[in-house]
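A.B. asks: So that we are looking at the same thing, I have put the structure below in structure tokens.
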Amino acid sequence: MTVPALMQNHQRKTYVTQLHKVYNELNQALLQYQTDKNALNIKEAGLNSNEACAEFLKKYFKVVMDCGNTQTPCFAQSYKKMSGVSSGFNCSSNCVSLASGAAVEMFYGSYSSDAGDIIRISVDINGAQGPNILGRDAFLLFLYPNGSIDELVSDKSLLPPFEKEIREAEFDDCTNSVSGAWHGCFGKILNDNWEMNY
């Protein structure tokens with residue numbers, strides 16, 4: 007392998023490692039939240055509004071900066087897709103920077119499934135630092151009513167964990183040149199055993 011290819015491969019592994027760390031922290035915090043509330047699921051525990059999401063982030067994470075409903079300086083001003091077009095990726099509610107350097111948003115209410123409301127979790131694993139590209143350092147995760155963190159899928163009657171084929175169908179939104187679509191990368195990483203093979 008050439009030196010640039012080795013460096014690019016190392017950078018991808020670094021991005022995935024950091025994403026996996028945020029994912030694990032989220033899962034641990036959600037379990038602790040449910041335990042603290044003596045609840046069977048996140049809805050019963052009370053994670054059912056933007057206000058509850060804000061409280062959850064502040065109580066269960068080491069928040070070093072609370073940007074509220076403002077994207078910057080927690081997140082970058084703008085993001086691109088791997089194709090180079092502008093992405094609709096943004097933070098509009100509960101934008102925070104964590105001690106790990108990651109920026110996280112939990113947004114309740116913009117997505118729903120037949121099983122209940124889905125919480126969008128925007129993550130930039132290195133905050134406002136570059137490259138600010140969806141699928142490299144910026145990802146969308148979705149928290150489902152059953153407590154699973156997975157990809158957003160078109161069939162709203164399904165609950166995760168999703169089969170590989172269902173996640174693969176969403177991956178086109180990650181790589182295409184349509185600017186409005188801004189998810190699909192996280193599901194591909196889950197499918198590929200926490201590897202960035204794209």
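With this note's numbering applied, the sequence shown covers 7 to 204. Glycine included, C-beta positions come from ideal geometry on N, C-alpha and C. Note that the structure is a prediction, hence the values are computed from the model and not measured.
What number of angstroms, rounded off, separates the C-alpha of M167 from the C-alpha of D156?
C.D. replies: Before going further, note that residue 167 is Pro rather than Met in the sequence given. Spanning the two alpha carbons is a distance of roughly 7 Å.
A.B. asks: Compare the Cα-Cα distances from G122 to each of T20, V91, A175, S154 and report the closest residue.
C.D. replies: S154
A.B. asks: Could you give the DSSP three-state label for C59: helix, strand or coil?
C.D. replies: DSSP, read as helix, strand or coil, puts C59 in helix.
A.B. asks: Spell out the partners DSSP gives A109 in its beta bridges.
C.D. replies: S103, D130
A.B. asks: Please look up how many angstroms separate the CB atoms of H124 and M112, rounded, as I've assumed it's under 8 Å.
C.D. replies: This sequence places Ile at residue 124; His is not what is there. At roughly 11 Å, the Cβ-Cβ gap does not stay under 8 Å, so I124 and M112 are not in contact.
A.B. asks: From the DSSP secondary-structure annotation, give me the bridge partner or partners of G74.
C.D. replies: When beta bridges are read from the DSSP output, G74 appears opposite C101.
A.B. asks: Between the stretch 78-92 and the stretch 51-65, do three or more beta carbon pairs fall short of 8 Å?
C.D. replies: In short, these stretches do not touch, since the Cβ pair count stays below three.
A.B. asks: Let me confirm a value: H16 is counted as buried when at least 16 other C-beta atoms fall within 10 Å, else exposed. Which label applies?
C.D. replies: Label assigned to H16: exposed.
A.B. asks: Just reading off the alpha helix (DSSP H) that F192 is part of, what are its end residues?
C.D. replies: 191-197
A.B. asks: Would the beta-carbon of A108 fall within 8 Å of that of D130?
C.D. replies: yes
A.B. asks: Have a look at Y204 and L53 and give me their C-alpha separation to the nearest angstrom.
C.D. replies: Cα to Cα, the separation comes out at about 34 Å.
A.B. asks: Apart from the five residues on each side of it in sequence, which residues of its chain come closer than 6 Å, Cβ to Cβ, to A51?
C.D. replies: Only Y39, Q40, K43, A45 meet the Cβ criterion.
A.B. asks: By DSSP's criteria, L140 is part of a beta bridge. Which residues make up the other side?
C.D. replies: Answer is A144.
A.B. asks: Does the distance from the CB of K86 to the CB of I172 come in under 8 Å?
C.D. replies: no
A.B. asks: Keeping to the same chain, check which residues put their C-beta closer than 6 Å to that of A187; ignore five residues upstream and five downstream.
C.D. replies: D179
A.B. asks: Could you pull the start and end residues of the alpha helix (DSSP H) that D179 belongs to?
C.D. replies: 178-181
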